[in-house]
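2 protein chains.
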Amino acid sequence: MEYRVLTDESIREYIKNIDSVNEYLGNEEIEIEEIGDGNLNFVFIIKSGDKSVILKQAVPYLRCVGEEWPLSRERMSYEIRALKTFKDIANNNIPNIFHSDENMSLIIMQNLNKHIIMRKGLIQATKYPNFAEHISTFLANSLFKTSSLYLSSSEKRELMDKFNSNRELCKMTEDFVFTFPYMKHDSNNINLLMQKEYQELIHDIGFKVNILKLKNLFMNKSEALLHGDLHTGSIMLNENETYVIDPEFAFFGPFGFDIGAIIANLIQSYLSHFERTKDEIFQEWVLETIREVLLDFEENFLELWDETKESALITEGFANKEVLYEYKQIFMQNIFQESLGFAGAKMARRIFGIAGVEDILGIKDLEARARVEGKSLKIAKRLVKEYEQIENIDELLDIIRGV
Amino acid sequence: MEYRVLTDESIREYIKNIDSVNEYLGNEEIEIEEIGDGNLNFVFIIKSGDKSVILKQAVPYLRCVGEEWPLSRERMSYEIRALKTFKDIANNNIPNIFHSDENMSLIIMQNLNKHIIMRKGLIQATKYPNFAEHISTFLANSLFKTSSLYLSSSEKRELMDKFNSNRELCKMTEDFVFTFPYMKHDSNNINLLMQKEYQELIHDIGFKVNILKLKNLFMNKSEALLHGDLHTGSIMLNENETYVIDPEFAFFGPFGFDIGAIIANLIQSYLSHFERTKDEIFQEWVLETIREVLLDFEENFLELWDETKESALITEGFANKEVLYEYKQIFMQNIFQESLGFAGAKMARRIFGIAGVEDILGIKDLEARARVEGKSLKIAKRLVKEYEQIENIDELLDIIRGV
């Protein structure tokens, strides 16, 4: 079908032929509502009785800016491919997909109406006791099973082919996470009370050398299929379920990048509550969650590895127990350390870059906000500059508590 | 044109319509001769008067084994793409290309009839005083200008797209360079006098852990377009000219892999002459050449980098001199060390793996050959196990002289 932007009316026409959607919705009258909460896309709820689905369509520009900011609608192709790939290997953490159409840049999927965007929940100091287990399972599955630790050499190259051309969105990360926030750039957005710290940062040699290292890893280490933008705004959850959404930034990159995004967002949530709620119990829960995410990830990842006898990297019969034990130690330590480096970059960019996080930006008192930003920057700098030396989770937690 | 295997007769038909070839060859009668020295492909010389060109066509099996060993003829597509890419950026080191045809899996190019396969020259203890300068220029250009240090983010991804699917040949390297030679495997070919050393190697934990590290780099670090099989049999040269040929293994991999292949082959040539000619002056020239290749590569690479103000990795205005200086030091040291690791793997696999090198295998006295193999293995083990600790070229040369 040739691409066209759908409206209420044309959606009715469009879904008439889609059995999976009609079967699910049943025969009652259909109501369609546009819920324009996205920066990039059009999102509709299609309701019929008590059933509903989401239809998401990409338009060839950045929706929140308008047609003058063109952005290829092919981003939806990568989102579709990533959702389908992740659905196959991490079923419980991906919404059900009823229909997808790359030509039309659209997908129809489960309406997560019993779930909340995690960032909003965290701002309200809501604890999610199963989050660590869920997200670490998702991370272990999505990363391990798209890597050369699980796939054959040729399967991995085939999968890479589907994502390698996600140029525009990779470039956005390269610019907005690894470059612009640490130099003079029009896109930056700096709290007046943080000008001094910003000036210090853009002249911090050790920080910038390591940002280049991390950017180089991001661009050149093609280890696994990443979500690519796994902040707490890309997670919808409740006490019992955790869903990962919006993987339009998906591409093959370093294991640590998605893990780092989660850690960064949790640290910034923790810091924001020094001003927001001063709820120490919630803050302790956040720190405990960071520990659990990292520990459970490692445990789940190693469990998957133990079950896998043959892969692109490890041919059966090549390595005995001692070799595998030693190699896995080095491998996991490397993922851990790079995760922390990426967490640092993700935190730093939220302070001075174009896209802040509501956890911090929502603090309207500029002095209070600057206190959170200052703490966040201190941690970010240490993570970026020292990630190769941080040995374990306790050291990480000491750094966080230290501010 | 639909694929078919060409013969003398059909080549005459085929080239009738190719102006570039006809213009070059002129109007004299054409003679065609098959020179079957390849393992993989059919190679013809097309002569007319004193002019001649080479026509190389891939068949869908491994030529040296026969039709029962299928190997996709698409390998020629990667060879064509790599030759064209390298020709654009390292013109002097790539033969002239008159015509190429991916559908027919064939290429017509300059006949290098004033040149010798470098391995044959080295076996005869011939010195090539300009080789180090030529190959280091080729390496610097081909690696730098296909990397994110030179290309834009999106140019690099576009170029990667052309090579990412070179699955079969990447898999061959993964198996035959990084896996089979270090385990029990039918494809291995072991000098009876080296059985003890082979047994030791396949139980050497430190060696195998680091082989896994290097294999992982090979598979997951997509830094630059590599030749992928740059041994001295893929180089044709004379005193004044050096040409790189046969890049059918081309893919995006780590900077150090091609450099390591050159270093490995030079070290093995050096070692072979303890038994072949005992020509110490030639051996000293080989060691001096290793030093020059590494030094000149670094100098050329850094010169290209200094000339480049904007790339995928480094945005103009991001990094001041101090940042760039420090980052470049770390970067070049990393390339150097990984080159030595890959050199070690390349050497080790030549001793026990399926494809030995004529420099060593051509020594018919098994005891003499074992002495060379033993020395080669000692160096290979140190390079693989210690590559991350070797600081400079003098340390490398000490290791080589030490055996």
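In order, the protein sequences belong to chains Y and D.
Counting along the first sequence from 1, when you hit position 65 you're at 65 in the numbering used here, and nothing is skipped either side.
Counting along the second sequence from 1, when you hit position 156 you're at 1156 in the numbering used here, and nothing is skipped either side.
For each residue, glycine too, the CB sits at the ideal point set by N, CA and C.
#1: Going by Cα to Cα distance, which pick from Y:348, Y:149, Y:44 is closest to residue 377 (chain Y)?
#2: So which residues on chain D does residue 327 (chain Y) lean against when the C-beta distance must stay under 7 Å?
#3: Indicate the three-state DSSP secondary structure (helix, strand or coil) for residue 1219 (chain D) in the structure shown.
#4: At a Cβ threshold of 8 Å, is residue 1102 (chain D) touching chain Y?
#5: Alpha carbon to alpha carbon, how far is residue 1264 (chain D) from residue 1346 (chain D)? Give it in angstroms, no decimals.
#6: So, at 6 Å on beta carbons, what are the nonlocal neighbours of residue 1200 (chain D) in its own chain, with the 5 sequence-adjacent residues on each side left out?
#7: Would residue 355 (chain Y) count as contacting chain D if we go by Cβ distances under 8 Å?
#8: For residue 1169 (chain D) and chain Y, any beta-carbon pair shorter than 8 Å?
#9: What span of residues does the alpha helix (DSSP H) with residue 268 (chain Y) cover, start to end?
#10: According to a CB-to-CB cut-off of less than 7 Å, which residues of the stretch 1148–1162 of chain D neighbour chain Y?
#11: Suppose the cutoff is 6 Å on Cβ atoms and the five residues either side in sequence are ignored; what does the same chain contact list for residue 170 (chain Y) look like?
#12: I'd like to confirm the pairing. Which residues does DSSP put opposite residue 1048 (chain D) in its beta bridges?
#13: Identify the residues that DSSP records as bridge partners of residue 1106 (chain D): which are they?
#14: For residue 1225 (chain D), tell me which candidate among D:1044, D:1163, D:1017 has the shortest Cα-Cα distance.
#15: Under the DSSP definition of a beta bridge, which residues are partnered with residue 244 (chain Y)?
#16: Between the alpha carbons of residue 176 (chain Y) and residue 26 (chain Y), how many angstroms are there, rounded?
#17: Please work out which residues of its chain come closer than 6 Å, Cβ to Cβ, to residue 298 (chain Y), disregarding the five sequence neighbours upstream and downstream, and give them in chain order.
#18: If I measure Cβ to Cβ from residue 1114 (chain D) and keep anything under 7 Å in the same chain, skipping five residues before and after, which residues do I get?
#19: Does the stretch 1265–1272 of chain D touch the stretch 1352–1362 of chain D, meaning 3 or more C-beta pairs lie closer than 8 Å?
#20: Compute the Euclidean distance between the alpha carbons of residue 1009 (chain D) and residue 218 (chain Y), then round it to the nearest angstrom.
#21: Chain D partners of residue 187 (chain Y), CB-CB under 8 Å?
#22: Could you compute how far the alpha carbon of residue 1094 (chain D) sits from the alpha carbon of residue 1031 (chain D)?
#23: Looking at the secondary structure, which residues open and close the beta strand (DSSP E) in which residue 1404 (chain D) lies?
#24: Is the beta carbon of residue 1173 (chain D) sitting closer than 8 Å to the one on residue 1228 (chain D)?
#25: Could you check the C-alpha separation between residue 1127 (chain D) and residue 1281 (chain D) for me, to the nearest Å?
#26: Considering only C-alpha positions, which residue in the set Y:52, Y:57, Y:29, Y:49 is nearest to residue 36 (chain Y)?
#27: Suppose the cutoff is 8 Å on Cβ atoms and the five residues either side in sequence are ignored; what does the same chain contact list for residue 22 (chain Y) look like?
#28: Indicate whether at least one CB of chain Y lies closer than 8 Å to the CB of residue 1322 (chain D).
#29: With DSSP run on the structure shown, which of helix, strand or coil describes residue 372 (chain Y)?
#30: Could you give the first and the last residue of the continuous beta strand (DSSP E) run that contains residue 1341 (chain D)?
#31: Inspect the beta-carbon positions of residue 1052 (chain D) and residue 1029 (chain D) and report whether they are closer than 8 Å.
#32: From the DSSP output, in three-state form, read off residue 1384 (chain D) for me.
#33: Opposite residue 116 (chain Y) in the DSSP bridges: which residues?
#34: What residue from D:1073, D:1373, D:1304 has the CA that sits closest to residue 1063 (chain D)'s CA?
#35: Count the other CB atoms within 10 Å of the CB of residue 65 (chain Y); is the residue buried (16 or more) or exposed (fewer)?
#36: What number of angstroms, rounded off, separates the C-alpha of residue 137 (chain Y) from the C-alpha of residue 144 (chain Y)?
Let's see:
#1: Y:348
#2: 1209, 1212
#3: helix
#4: no
#5: Looking at the backbone, the Cα of residue 1346 (chain D) and that of residue 1264 (chain D) are separated by about 6 Å.
#6: none
#7: no
#8: no
#9: Here the alpha helix (DSSP H) through residue 268 (chain Y) covers 256–272.
#10: The residues in question are 1148, 1153, 1154, 1157, 1160, 1161.
#11: So the qualifying residues of the chain are 251.
#12: D:1030, D:1051
#13: D:1057, D:1101
#14: The candidate whose alpha carbon is nearest that of residue 1225 (chain D) is D:1163.
#15: Y:235
#16: 44 Å
#17: Setting aside the 5 residues that flank it on each side, residue 298 (chain Y) is surrounded in the same chain by 332, each with a C-beta closer than 6 Å to its C-beta; the list follows chain order.
#18: Only residues of its own chain outside the window of five on either side were considered, and among them 1238 have a CB closer than 7 Å to the CB of residue 1114 (chain D), listed in chain order.
#19: yes
#20: 52 Å
#21: Correct list: empty, because the minimum Cβ distance to chain D is about 12 Å.
#22: 25 Å
#23: Residue 1404 (chain D) is absent from the structure shown; chain D starts at 1001 and stops at 1403.
#24: Contact flag set, yes.
#25: Residue 1127 (chain D) and residue 1281 (chain D): Cα-Cα distance of roughly 10 Å.
#26: Y:57
#27: Excluding residues within five positions, the ones whose Cβ falls inside 8 Å are 15, 16.
#28: Chain Y, which has a Cβ nearer than 8 Å to the Cβ of residue 1322 (chain D), makes this yes.
#29: helix
#30: Here residue 1341 (chain D) belongs to no beta strand (DSSP E); instead the alpha helix (DSSP H) covers 1321–1352.
#31: no
#32: In the three-state DSSP reduction, residue 1384 (chain D) falls in the helix class (H, G or I).
#33: Y:237
#34: Distance from the Cα of residue 1063 (chain D) is smallest, within the candidate group D:1073, D:1373, D:1304, for D:1073.
#35: exposed
#36: 10 Å
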